[in-house]
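Colleague: As you go down the protein sequences, you meet chains G and Z in turn.
Taking my numbering, the leading residue of the first sequence gets 883, the next gets one more, and so forth.
Taking my numbering, the leading residue of the second sequence gets 2, the next gets one more, and so forth.
Structure provided below as structure tokens; questions to follow.
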Amino acid sequence: MQKRSPLGTFGIYATVIFTCAALLFPIYWMILTALSPRTRLREYPPRFWPDDPQWGVFADLLATQPFALWMWNTILVAVATMILSLTVGVLAAYALSRHRLRGGQGLGLFILTSKMLPATLLVIPLFAIFKSLGLVGSLWSVVIAQATLIVPFATWMLKGYFDTIPPELEHAALVDGCSPLGALVRVVLPVAAPGLAATALYAFVISWSDFLYARTFLTTSESKWTLNVGIATLKGEFVTDWNTIMAASLMAAVPIIGVYLFLERYLVGGLSSGSDK
Amino acid sequence: MATIDFDNVQKSYGEVHAIRDFTLHVEDGDFCVFVGPSGCGKSTALKMLAGLEATSAGSISIGGRDVTELGPGKRDIAMVFQNYALYPHMSVRSNIGFGLKMRGQDKADINRRVEAAAETLELTSYLDRRPRALSGGQRQRVALGRAIVREPSAFLMDEPLSNLDAKLRVQTRSEIVNLQKRLGVTTIYVTHDQVEALTMASKIVVMRGGVIQQIGSPDTLFAEPANIFVAGFIGSPGMNFFRGPVEIENGRAQTRFGEQVVPLSVSPDRLPRGEAIFGIRPEHLKIGGETGGTPVSLGLVESLGTEKILHFPTPEGQAIHSLQKVIGSDDAARDSTTMLARVIDDRRYSDGEHVRVALPEGKVHVFDPETQKALS
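Written out as structure tokens, the structure reads:
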């Protein structure tokens, strides 16, 4: 391999450091705001680290707000959305990948076009449907609504992954005595594990960060609020407690950062698979 | 162990007929090879037998039991795939034992049988490895292990050697034949390689365009091909063809090959009037001699040591220019204006050398130019 020039090395490091700094700055600012005393929030020039970090802000938040309930609701919604999207996505993607369906290609494209509709466009008809089904105020409304956005992309992502798995693997499993569903569960899904992990993470993250659907369907039912809805209520009409909001946002972001760090290797493998065949 | 019967099986995809009138009986313990150019329907026929493709019409029986409507797992067969299809997330041990596990065998029994199969195939020291840590030949043996461990009624093999290099292919070929003879399990083997077919099979089914062209032993197909396609496909190199007149002399039929008058063993009343297509295998041509035969100038000499392939032009006016059409587009590489002779001797031949070529009596095949069928 050709040795890189010092200038080239500097350029690469400079780019990496700048990109990381740009991406991490909002998180740093959240930490700074959360820990700063309320009176210093609008100070100019700002300090790079508060002289007197207010660590108690986290305990105050937990004591004054039902933060644990919001977290629990968010976990329930994210996990349920992930399971629902993955189940529907796997079955749809497998059918599209393996079976010569009449109009299968058109159907595949149609699924993708539904991804192109903005969530704000779907929220009104979804509200009307959920209202008639009595689901408004239930966590299921958010789960189903989010799944409508996630399933199309998950289907396409998984279809691409299944396409790279030779069908002979299932044939071998069928000859070995598996049922078609058994071949999918015992052979195809384990082989597709990186693709499944990537899709699961995508569904989890999208669901975790949803605000629009949760705010629309859950506003009237306080005990069902998710993190994003709960945090939004911390913004008062006359006074906004920014350091509490930032502390809550930080705590809301921690689980997702953890999940990301844990699944990162699968995510990269899953998203790039199929490009080398 | 079982007999296998295809009874008038058909397969079509919409308007396209992939398999037509497929009727075949395979005896218990036979090694039957389906051979033909790509797209001839041989793999489709195998998949229908395995239950991986549905039949459009007709029935399939294994061991006298109609399995047409049964799923692959209920047919008591084992299959070896071209790309081995080993489960990448399982160890060699789990790969071999998977079929037994699916059939609810107890763990101790599975272990015993997996180890016995591994010993047969010299895989014992690889049992705990994953397939990706094995060489191509070892993977191939794992695939065979997965097939033999279940002791099925029949083995189905879909071009199992095509991913191996030439040397390993020859070695594995004999291993498979020996294994099959020892186990005595009826085997259906699909290949496009006629050398594999001739060396391994006890029965060969030659297919083209979804239709069986001929069924027979390797010797039968070589000596008595049913039509021009089989004659050209079986043998390496394939049969030479030329056009020639049909003449009747003193009640006996004869044709001409250049200057040589070639007596025919076919009864005159079975021959077409005017012209026919004649075939001679490269190894049956006699090269050399001062008299007899017809003089030719050698175009190219391919030497493989003692064996040589001599190329020479078809005598003038006797080349079949539509040969590609007659034999089929799969054999388009064959040049109809050139004939080949295969000789095994110590003589040195050189390009451009003049030699005499003679067609021995009794070795010339005659084909109807209309139907392309062999006349005998």
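Positions of the beta carbon are idealized from the N, C-alpha and C atoms, including for glycine.
None of the values given here were measured: they were computed from a predicted structure.
(1) Grab me the residues of Asn241(Z)'s own chain with a C-beta within less than 7 Å of its C-beta, minus the 5 sequence neighbours each way, in chain order.
(2) Locate the alpha helix (DSSP H) running through Arg183(Z), then write down its first and last residues.
(3) Determine, using beta-carbon pairs with one atom in the segment 983 to 991 of chain G and one in the segment 1103 to 1115 of chain G, whether at least three such pairs fall under 8 Å.
(4) So that I know if they touch, is there some Cβ in chain Z lying closer than 8 Å to that of Glu925(G)?
(5) Locate the alpha helix (DSSP H) running through Thr995(G), then write down its first and last residues.
(6) Assuming Gly1059(G) contacts Met103(Z) under a Cβ cut-off of 8 Å, what Cβ separation, rounded to an integer in Å, is found between them?
(7) Would you call the CB atoms of Tyr85(Z) and Arg140(Z) closer than 8 Å?
(8) Mind reading off the beta-carbon distance from Met1039(G) to Thr1081(G)? Whole number of angstroms is fine, and I expect it under 8 Å.
(9) Ordered along the chain, which non-local residues of its own chain (more than five positions away) have a Cβ less than 8 Å from that of Leu999(G)?
(10) Could you check the C-alpha separation between Ile894(G) and Gly990(G) for me, to the nearest Å?
(11) With 8 Å as the C-beta to C-beta threshold (strictly closer), list the residues of the segment 1038 to 1055 of chain G near chain Z in chain order.
(12) Spatial neighbours of Trp1090(G) within its chain, please: CB distance less than 7 Å, with the 5 preceding and 5 following residues excluded, ordered by chain position.
(13) Within 10 angstroms of the Cβ of Val27(Z), are there 16 or more other Cβ atoms? Answer buried if so, exposed if not.
(14) Which residues in chain G have a C-beta closer than 8 Å to the C-beta of Phe82(Z)? List them in chain order.
(15) Assuming Arg21(Z) is part of the beta strand (DSSP E), what are its boundary residues?
(16) Quick one: what's got a C-beta closer than 6 Å to Ile1088(G)'s C-beta in the same chain, skipping five residues either side?
(17) Does any heavy atom of the ligand COA sit closer than 7 Å to the C-beta of Gly290(Z)?
(18) Which bits of chain G does His90(Z) rub up against, with CB to CB less than 7 Å?
(19) Which term fits Tyr1084(G), buried or exposed, when burial requires 16 or more other beta carbons within 10 angstroms of its beta carbon?
(20) For Gly275(Z) and Gly59(Z), I'd like the C-alpha separation in whole angstroms.
(21) Is Arg253(Z) helix, strand or coil by DSSP?
(22) Less than 8 Å between the beta carbons of Asp942(G) and Thr1126(G), yes or no?
(23) From Leu157(Z) to Cys33(Z), what does the alpha carbon distance come to, in whole angstroms?
(24) Which of helix, strand or coil does DSSP assign to Cys1060(G)?
(25) Could you tell me the boundaries of the beta strand (DSSP E) in which Pro314(Z) lies?
(26) Since Ile63(Z) meets chain G, which of its residues come closer than 9 Å, beta carbon to beta carbon?
(27) Identify the residues that DSSP records as bridge partners of Pro246(Z): which are they?
(28) Any idea what DSSP makes of Asp77(Z), helix, strand or coil?
(29) Can you check whether the CB of Gly252(Z) is closer than 8 Å to the CB of Pro269(Z)?
(30) With 7 Å as the limit, tell me which residues of the segment 39 to 56 of chain Z have their beta carbon closer than that to any beta carbon of chain G; keep them in chain order.
(31) Only counting the same chain, and skipping five residues up and downstream in sequence, which positions put a Cβ closer than 8 Å to that of Thr56(Z)?
(32) Does Asn164(Z) come out as helix, strand or coil in the three-state DSSP assignment?
(33) Check whether the Cβ of Gly1059(G) lies closer than 8 Å to any Cβ atom in chain Z.
(34) Just mark His355(Z) as buried or exposed, buried being the case when its beta carbon has 16 or more other beta carbons within 10 Å.
(35) For the segment 190 to 209 of chain Z, list every residue whose C-beta sits within 9 Å of some C-beta in chain A, in sequence order.
(36) Taking the beta strand (DSSP E) that Tyr190(Z) falls in, what are its first and last residues?
Modeller: So, to answer that:
(1) Residue mapping note: residue 241(Z) aligns to position 240 of the second sequence, counting from 1. Excluding positions up to five away in sequence, the list reads Gly280, Ile281, Pro283, Met340 and Leu341.
(2) Along the second sequence, one-based indexing puts residue 183(Z) at 182. Segment Ala167 to Leu184, the alpha helix (DSSP H) holding Arg183(Z).
(3) no
(4) Mapped onto the first sequence, residue 925(G) falls at position 43. Not an interface residue.
(5) Locating residue 995(G) in the first sequence gives position 113, counting from the first residue. Its alpha helix (DSSP H) spans residues Gly986 to Lys997.
(6) The count along the first sequence starts at 1 and reaches residue 1059(G) at position 177. The count along the second sequence starts at 1 and reaches residue 103(Z) at position 102. Their Cβ separation, rounded to whole angstroms, is 3 Å, which keeps Gly1059(G) and Met103(Z) in contact under 8 Å.
(7) Stepping through the second sequence from its first residue, residue 85(Z) is reached at position 84. Stepping through the second sequence from its first residue, residue 140(Z) is reached at position 139. Cβ distance < 8 Å, so Tyr85(Z) and Arg140(Z) count as in contact.
(8) Taking the first sequence and counting its residues from 1, the one referred to as residue 1039(G) is at position 157. Taking the first sequence and counting its residues from 1, the one referred to as residue 1081(G) is at position 199. The Cβ separation is near 5 Å, so the contact holds.
(9) By one-based count along the first sequence, residue 999(G) stands at place 117. Hits under 8 Å: none found.
(10) Within the first sequence, residue 894(G) is the residue found at index 12, counting from 1. Within the first sequence, residue 990(G) is the residue found at index 108, counting from 1. Looking at the two C-alpha atoms, the distance is approximately 40 Å.
(11) Those residues of the segment 1038 to 1055 of chain G that come within reach of chain Z (Cβ to Cβ, closer than 8 Å) are Pro1048, Glu1050, Leu1051, His1053, Ala1054 and Ala1055.
(12) What you label residue 1090(G) is simply residue 208 of the first sequence in a count that begins at 1. These residues qualify, in order along the chain: Thr956, Ala960 and Ile1138.
(13) Here residue 27(Z) corresponds to residue number 26 of the second sequence, with the count starting at 1. Val27(Z) sits buried, since 16 or more C-beta atoms from the chains shown fall within 10 Å of its C-beta.
(14) Within the second sequence, residue 82(Z) is the residue found at index 81, counting from 1. Simply Glu1050, His1053 and Ala1054.
(15) Here residue 21(Z) refers to the residue found at position 20 of the second sequence. Where Arg21(Z) is concerned, the enclosing beta strand (DSSP E) stretches over Val17 to Val27.
(16) Position 206 of the first sequence, counting from 1, holds the residue named residue 1088(G). Here the set comprises Ile1032.
(17) Although the ligand COA was asked about, the structure shown includes no ligands whatsoever.
(18) The residue given as residue 90(Z) occupies position 89 in the second sequence. Ordered by position in chain G, the residues that pass the 7 Å Cβ test against His90(Z) are Pro1072 and Val1073.
(19) Locating residue 1084(G) in the first sequence gives position 202, where the first residue counts as 1. Classification for Tyr1084(G): buried.
(20) Reading the second sequence from its first residue, position 274 is the one you call residue 275(Z). Reading the second sequence from its first residue, position 58 is the one you call residue 59(Z). Straight-line Cα distance between these residues: approximately 42 Å.
(21) In the second sequence, the residue the question calls residue 253(Z) occupies position 252. Taken through DSSP and simplified to helix, strand or coil, Arg253(Z) comes out as strand.
(22) To locate residue 942(G), count along the first sequence from 1; it is residue 60. To locate residue 1126(G), count along the first sequence from 1; it is residue 244. Going by C-beta atoms, Asp942(G) is nearer than 8 Å to Thr1126(G).
(23) Translated into the one-based positions of the second sequence, residue 157(Z) becomes position 156. Translated into the one-based positions of the second sequence, residue 33(Z) becomes position 32. The straight-line gap from Cα to Cα measures roughly 10 Å.
(24) By 1-based counting over the first sequence, the position of residue 1060(G) is 178. Note: Cys1060(G) maps to coil in three-state DSSP.
(25) For the purposes of this step, residue 314(Z) is taken as the residue at position 313 of the second sequence. Note, Pro314(Z): beta strand (DSSP E), Glu308 to Pro314.
(26) Along the second sequence, read from residue 1 onward, the residue named residue 63(Z) stands at position 62. Going along chain G, no residue has its Cβ under 9 Å from Ile63(Z), so there is no contact; the nearest lies around 13 Å.
(27) Within the second sequence, residue 246(Z) is the residue found at index 245, counting from 1. Within the DSSP secondary-structure output, Pro246(Z) pairs in a beta bridge with Glu276(Z).
(28) Here residue 77(Z) is taken as the residue at index 76 of the second sequence, counted from 1. Reduced to three states, the DSSP call for Asp77(Z) is coil.
(29) Walking along the second sequence from the start, residue 269(Z) turns up at place 268. Walking along the second sequence from the start, residue 252(Z) turns up at place 251. Result yes, Cβ atoms of Pro269(Z) and Gly252(Z) sit closer than 8 Å.
(30) Residues Ala51 and Leu53.
(31) Numbered from 1 along the second sequence, position 55 holds the residue referred to as residue 56(Z). Val10, Gln11, Lys12, Met49 and Thr69, listed in sequence order.
(32) Reading the second sequence from its first residue, position 163 is the one you call residue 164(Z). Coil.
(33) Translated into the one-based positions of the first sequence, residue 1059(G) becomes position 177. For Gly1059(G), the answer is yes, since a Cβ of chain Z falls inside 8 Å of its Cβ.
(34) Within the second sequence, numbered from 1, the residue matching residue 355(Z) stands at position 354. Under this definition His355(Z) is an exposed residue.
(35) The structure shown contains no chain A; its protein chains are G and Z.
(36) Start at 1 with the first residue of the second sequence, and residue 190(Z) comes out as number 189. Thr187 to Thr192 is the span of the beta strand (DSSP E), which, as asked, contains Tyr190(Z).
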